[in-house]
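J.:
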Amino acid sequence: MFKIQSVVDFDGLFKIHNNLIILYANNQLTLRDFNLKVLHELTLQNTPSSFGVHNEKLLIGYSNGLIEIYSIKPLHLVKKISPVDYKNILRGTDEGHLGNAVTFTHFVSNSTFISADESSRVFCMSLKGLGWLEGLDKQRLFGRYPLPPSNPLQLPAFHSKLLDVAVCQPYTAILTPTKLIVVSLKPSPTTIYRVINEKPSDHTTGTLAWNNNTLVFNWSNTVYKVNLDDQITHSSRVYDRKIMSSHWIDSNLILLRSPTTFDLVEPASLEILESQPYDTSHLPNTPSSFQVLRKKCFFLTENHLSVAFLLNYKDRLGSLAKDGKYIEALQLAVAYFKGEGGHRLTTHLPDSTMERQPLVQPFLSSLLKSSTTYLEKTITAQSKEALRYLAKHMIEAAYLIDNLDWLFNEIFDIYQNNKLEYPFLVELEPLVRYGKLPVIPPNMSQLLLRLYDPKDHPGRYEELVLNLDATQLDLNGVIKSTKIHKLWKAFIYVHLTALGDFLTPTLELINSIRNDQQEGDKVTLFDYLGYTLSGLLYPSQKTLESIDEDYSEEGLSFRGKTSIYQLLFNGKLHSDDINTSDNYSYPYVRFLLALDSRLFFAVLNRGFEEGYFNDEGTSRPLSRQTIVNLLLEMIYTQDLPIGTITQIEVFVSTNLSKYPQFLMLPSSTILQLIMGLSEMQDDSEGNQDISGASQNERELAVESLLSTFTPNSLNKILDQLIEVFERAKFYKILKSSYRTKKEWRNLIRITLEDIYDEGLFENLNQTFKWSRDDVELFDVFETFVDTLIRLDADELVMLVDKHSNDSDEVHTNIVQWCQEKRHIVEYLAAALRIRNGELSDPLKDIYITALATYKKEEVYGAIKAYDFNHELVDRLCVEGNIIDARLYHLNAEGLHKEAFDYLRHSTSESADEDTLKRAFKVGMKIAIDYAHNGSEEANNMWFIVLSSSMTAVRKYNWSNDILDEILNAVVLHTDLNKMTFSTLFRKLVDHFMIEPKGEDKPYDQLRSVLMCFMDSIRSRQEIFSVARRIMDRDAASIINEYSEKRRSGWSASEKYRNELDELRKYNEESRKLSEIAEELEQQGVDYREIFEIPLVKQRVVKVYQ
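With my numbering applied, the sequence shown corresponds to residues 12 to 1116, in that order.
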């Protein structure tokens, strides 16, 4: 990233500007150009502390506060600016540096400069008049002078520590540990922006750097970027290291210097792009000790002025090669070639692969040759690890630039000549094993295979074989090894590509399965057969034609298919087969059918789809017709399992309709196939279908067979076989047949039997349309209604309403047909919902009776939504003890007193707890309705609901959830003009305190009630407190408005009067509740220690008034 070298022996103060290097040491000031030629020398009487250069002028700040301006050509003094007298500062007649060292000087223009001193004061000085000597205008931009000693009791002024100053016309940036200030010098010095450091400390460090109108600065490990374009913006990023200084390399790169690294940062995101380790902790940490100019960094090291050059990709590669680090250079070039090394902003390489690789390739090629020379010279001195390291990078480089000839003929020869092939082969092997090097020298193929013992590393050995040219291998050795260790993929690959032998792998796999019965061998066998019959190479799936590029009947693909078909459908065992005990005809087909008939026919289907059989010439020993005939012969002549027979029938039937131009069967055979496929084959217990094919597969096969008949023949066959299809449950065929014959009842029946068909209700709708809504069709539904309701009661209701002349009668029949009584509830609920309650009274009576029997919790919702027989509802609620429904029913009848007496009575009796909770919620809703209507009956309703719920909470050990819900309703929906909290609470206290002795008092519940009421009062008090504050703020304007309207004859606002009355009521309510709490305390309940009574003070009322 950077190349660092020493420029000149030096230890002092320096400044870099354009083509000028200014050095000061031992009272001697030297000006040099970038070739280190001495341009000027000057002996200084005072010690300088800063330099500034502009055009041909030199600005020097001294440690005693003196500033001198020199002309460089020739070098002579032009202006001297002495430190100011403190007395003149106190009189306000002068500005400037006192006796402090001037630490910063910088020209803004030819006549204006910025200076700063070690006392953290910053000045802008301008030379006025016709020449440099005419006058000086001084303005203090930052900092304070020391206080005069005349007032010893006055505290000294705080002085911010100045970290750095930076100038970019017309801006000056001033950085302290606590803030950044940006000052614009035009038209007059003005602060235009500032940033505050939220976490300053005594150890905060920082520097500034400008690039046009963009400022970068840091506070310790946080870097900020400020953009001063049209709209001022700033962003920041925190790093995991201390930042000693920040600098602009160019407009696209920022350099951050930490104690241990140089970091290059992208300006937009402030993300680190590259880092280079370098110990800078020993360097002076002052703004002037590290300077950047034209992508070069100048800094002081031990008695040297050093420079760090930012290198692009050419410089970096050339620098490493020049230093003899060929392998490091090669490694870096590979990274550049792959787009993994560095960033485009630092390497100057394009992001595009098409543009980047041509730029790097010449360097990569040259470095590869240089590395080869280096290897040849040093190979005997290298360790095995080093040789592997060298081989890894040289192989990768040669592979990337496609220079494999150099790799095998030059680099490998060096390893081989020194008998050190192993490190090279170990690094080359992954490329070969992953198929990245399709062609390698024959001798290298043998050497690579020796790397792995197939016994210890079978997987890697097999992958290597599959990615090598089999013709270059020791075939006998490879075949023997792969057979012994059952590396069947490699075994098949070698036989097919090197020998063109398709039979041997098949026979070996069959014999292996006969002996071991391994599942993996079975899968391999069927995959191999399927690939071959499809014209593909196993296992790579390349086409067999691509191996020998022969598309004729002499080609590898044609010969492979022919060999497999001849072997499989041979009537006898092959002469090379070691098994001689199988005396059945067609032993291999029989073996494969027994192994897995489904997989076998999947393979055969793939073969049938190929064009191999389309041209039935003399060179083809078999045809589709021959194979089908052979399979049918096996059904009738050999003792095959039922499942296998069914699979053969499915295969033949499916292909008969698929290849009508190649396959023909007599009608009798087709009918036999139909009968065979239609038979249900159950196990000995009659439970499990053992036909070997699913019902859907058999039905599709039968449909294929039926498609071969003419329409007239088809109708006759359907008439003959309709009962057979009924037993087989071939619903698609049956539906088609009955639809054609317009037998609507049978069509409805079959549609209902196919109950889980996704389009069930759609099919039923369509059938009713075709039948012109024959009412008698609904009789067919009798045995299916429970399943239909379970599937979708709404659809069934809509079907009846849409296609029946008397829907209520059909609904009644369906209800009577229900075997599960809960389905009556579900069905009639759907009917009421869909018909908006328009249902006959008998059906409604049936529904509400069933609901009260099976789903009591839904009775309340039903009677609330629909109108039922009132006497029946009341009787059912009493008999079923359905409290919530009866409470609602009595209230709806206008018997609200009887309703809440019933609630109170039910609470004292034994009742279902869930029903009781629902009843309290219903009572709460009724009370809310009465409260909203302004009825005084709401007071008694709230009392009964509260007292009953408190009793139930205590009786059944409930939590206070139900009570809290009721209390919230009371607070939210109570009109205090109709009922006060104190009155309600007193009634509750009186109610429970007069209970017989021995009864537990509900103190916890009473406390909950009281605290809820108190919280409500407190919240309302807060509302009026806020209102009082608002009124206090606007009192003057309101009084003036009232006064003006009063003079016009207007009286006080009615709203205002109401608010005042309500506040007075709250005050009275609070007082009454406090009195009740005191009475309870006298009875032994210390409520004042449990909660605080929030009194609405009389003073609040007065203030509001």
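Note that the Cβ used here is the ideal one computed from N, Cα and C, for glycine as well.
Just so it is clear, the structure is predicted and the values come from calculations on it, not from any experiment.
Considering only the alpha carbon of each residue, which of V713, L304, I71 and I558 lies closest to T508?
T.: Here residue 508 refers to the residue found at position 497 of the sequence shown. When only C-alpha atoms are compared, the closest one is I558.
J.: Which of the three DSSP states is assigned to N944 in this structure?
T.: Against the sequence shown, residue 944 aligns to sequence position 933. N944 falls in the coil class under three-state DSSP.
J.: Three-state secondary structure (DSSP) at A910?
T.: As a working note, residue 910 is residue 899 in the sequence shown. Helix at A910.
J.: Apply the 10 Å Cβ neighbour rule to K26 and answer buried if 16 or more other Cβ atoms are within range, or exposed otherwise.
T.: Locating residue 26 in the sequence shown gives position 15, counting from the first residue. Answer is buried; the Cβ neighbour count reaches 16.
J.: How far does the beta strand (DSSP E) with T116 in it reach, from first residue to last?
T.: In the sequence shown, the residue the question calls residue 116 occupies position 105. From DSSP, the beta strand (DSSP E) with T116 extends over V113 to F118.
J.: Measuring alpha carbon to alpha carbon, tell me which residue in P671, S664, N723 and L684 is nearest Y647.
T.: Translated into positions along the sequence shown, residue 647 becomes position 636. Measuring from the Cα of Y647, the nearest candidate turns out to be L684.
J.: Once you ignore the five residues that flank T918 on each side, which residues in its own chain have a CB closer than 6 Å to its CB?
T.: Reading the sequence shown from its first residue, position 907 is the one you call residue 918. Excluding residues within five positions, the ones whose Cβ falls inside 6 Å are S959, T962 and A963.
J.: Are the region 501 to 516 and the region 471 to 478 in contact at 8 Å, needing three or more beta carbon pairs?
T.: Yes, the region 501 to 516 touches the region 471 to 478.
J.: In the DSSP assignment, find the unbroken alpha helix (DSSP H) run with P516 in it and report its ends.
T.: Looking up residue 516 in the sequence shown gives position 505. Residues L514 to D527.
J.: Taking just the CA atoms, how far does E769 sit from V796?
T.: Counting from 1 along the sequence shown, the entry for residue 796 is found at position 785. Counting from 1 along the sequence shown, the entry for residue 769 is found at position 758. In a straight line, the C-alpha of V796 is about 17 Å away from that of E769.
J.: If you follow the alpha helix (DSSP H) that T215 is in, where does it begin and where does it stop?
T.: Position 204 of the sequence shown holds residue 215. Per DSSP, T215 belongs to no alpha helix (DSSP H) and is neither H nor E.
J.: Is the separation between the beta-carbon of A408 and that of L415 shorter than 8 Å?
T.: Translated into the one-based positions of the sequence shown, residue 408 becomes position 397. Translated into the one-based positions of the sequence shown, residue 415 becomes position 404. Taking 8 Å as the Cβ cut-off, A408 and L415 do not qualify as a contacting pair.
J.: Could you check the C-alpha separation between P270 and Y289 for me, to the nearest Å?
T.: Taking the first residue of the sequence shown as position 1, residue 270 is located at position 259. Taking the first residue of the sequence shown as position 1, residue 289 is located at position 278. Going from the Cα of P270 to the Cα of Y289 covers about 8 Å.
J.: Taking only three categories from DSSP, how would you classify Q165?
T.: Here residue 165 corresponds to residue number 154 of the sequence shown, with the count starting at 1. Because the pLDDT of Q165 is 45, which lies under 50, any placement of that residue in the model is unreliable, and the number read from its coordinates should be weighed accordingly. Of the three classes helix, strand and coil, the one that applies to Q165 here is coil, per DSSP.
J.: Alpha carbon to alpha carbon, how far is F779 from D819? Give it in angstroms, no decimals.
T.: Counting from one through the sequence shown, the residue named residue 819 turns up at place 808. Counting from one through the sequence shown, the residue named residue 779 turns up at place 768. Near 18 Å, if we compare the C-alpha coordinates of F779 and D819.
J.: Any idea which residues DSSP pairs C308 with across the strands?
T.: Against the sequence shown, residue 308 aligns to sequence position 297. Answer is V303 and A319.
J.: What number of angstroms, rounded off, separates the C-alpha of N707 from the C-alpha of L688?
T.: Locating residue 707 in the sequence shown gives position 696, counting from the first residue. Locating residue 688 in the sequence shown gives position 677, counting from the first residue. Roughly 11 Å separates the two Cα atoms.
J.: So, is P167 buried or exposed, given that buried needs 16 or more other C-beta atoms within 10 angstroms?
T.: Sequence index remark: in the sequence shown, residue 167 carries index 156 (1-based). Confidence at P167 is low in this model, with a pLDDT of 46, below 50, so the placement of that residue is unreliable and no value is reported for it.
J.: Keeping to the same chain, check which residues put their C-beta closer than 6 Å to that of H359; ignore five residues upstream and five downstream.
T.: In the sequence shown, residue 359 corresponds to position 348, counting from 1. The residues are N323.
J.: Since V119 and G72 should fall inside the 8 Å C-beta cutoff, what is the C-beta to C-beta distance between them, to a whole number of angstroms?
T.: Translated into positions along the sequence shown, residue 119 becomes position 108. Translated into positions along the sequence shown, residue 72 becomes position 61. With 8 Å as the limit, V119 and G72 do not qualify as a contact, their Cβ atoms being about 15 Å apart.
J.: With a threshold of 16 other CB atoms inside 10 Å of the CB of H881, please say whether the residue is buried or exposed.
T.: Locating residue 881 in the sequence shown gives position 870, counting from the first residue. Classification of H881: exposed, given that the 10 Å Cβ count is below 16.
J.: Short of 6 Å in beta carbon distance, which residues of its chain neighbour H916, apart from the five on each side in sequence? Order them along the chain.
T.: Numbered from its first residue, the sequence shown carries residue 916 at position 905. If we look at H916 and ignore the five residues flanking it on each side, it has no Cβ neighbours.
J.: Which one or two residues does DSSP pair with V600 in a beta bridge?
T.: Reading the sequence shown from its first residue, position 589 is the one you call residue 600. DSSP output for V600 lists no bridge partner at all.
J.: Should T357 and L264 be called a contact, given that it needs their Cβ atoms to be closer than 8 Å?
T.: Translated into the one-based positions of the sequence shown, residue 357 becomes position 346. Translated into the one-based positions of the sequence shown, residue 264 becomes position 253. Contact flag set, yes.
J.: For the beta strand (DSSP E) that contains P59, what are its first and last residues?
T.: Position 48 of the sequence shown, counting from 1, holds the residue named residue 59. Note, P59: beta strand (DSSP E), P59 to H65.
J.: Between which two residues does the beta strand (DSSP E) harbouring M136 extend?
T.: Taking the sequence shown and counting its residues from 1, one reaches residue 136 at position 125. It spans V133 to K139 - the beta strand (DSSP E) in which M136 sits, taken as one unbroken run.
J.: What does the alpha-carbon distance come out to for the pair S394 and Y337?
T.: By one-based count along the sequence shown, residue 394 stands at place 383. By one-based count along the sequence shown, residue 337 stands at place 326. If you take the alpha carbons of S394 and Y337, they lie about 17 Å apart.
J.: What are the boundary residues of the alpha helix (DSSP H) that includes H404?
T.: In the sequence shown, counting from the first residue as 1, residue 404 sits at position 393. Per DSSP, H404 belongs to the alpha helix (DSSP H) from K395 to L411.
J.: Nearest by alpha-carbon distance to I894: which of G353, N296 and G934 is it?
T.: Residue mapping note: residue 894 aligns to position 883 of the sequence shown, counting from 1. The shortest C-alpha separation from I894 is found at G934.
J.: Starting from the C-beta of L226, find all residues in its chain whose C-beta is less than 6 Å away, skip the five residues before and the five after it, and write them out in chain order.
T.: Position 215 of the sequence shown, counted from the start, is the residue given in the question as residue 226. So the qualifying residues of the chain are A184 and V237.
J.: Could you name the residues that DSSP lists as bridge partners for D175?
T.: Position 164 of the sequence shown holds residue 175. Its beta-bridge partners are L186.
J.: Would you kindly check if the distance between the Cβ of I406 and the Cβ of E366 is under 8 Å?
T.: Translated into the one-based positions of the sequence shown, residue 366 becomes position 355. Translated into the one-based positions of the sequence shown, residue 406 becomes position 395. Their beta carbons are not under 8 Å apart, which means E366 does not touch I406 by this criterion.
J.: Just how far apart, CA to CA, sit N46 and Q16?
T.: As a first step, residue 46 is located in the sequence shown; it is residue number 35 there, counting from the start. As a first step, residue 16 is located in the sequence shown; it is residue number 5 there, counting from the start. In a straight line, the C-alpha of N46 is about 14 Å away from that of Q16.
J.: For S382, count the other beta carbons within 10 Å of its own beta carbon; 16 or more makes it buried, fewer makes it exposed. Which is it?
T.: As a first step, residue 382 must be located in the sequence shown, where it is residue number 371. Its Cβ being crowded by 16 or more others within 10 Å, S382 is buried.
J.: Buried or exposed for W781, going by 16 or more other Cβ atoms inside 10 Å?
T.: Within the sequence shown, residue 781 is the residue found at index 770, counting from 1. Label assigned to W781: exposed.
J.: How about T926 and K867: do their beta carbons lie closer than 8 Å?
T.: What you label residue 926 is simply residue 915 of the sequence shown in a count that begins at 1. What you label residue 867 is simply residue 856 of the sequence shown in a count that begins at 1. Going by C-beta atoms, T926 is nearer than 8 Å to K867.
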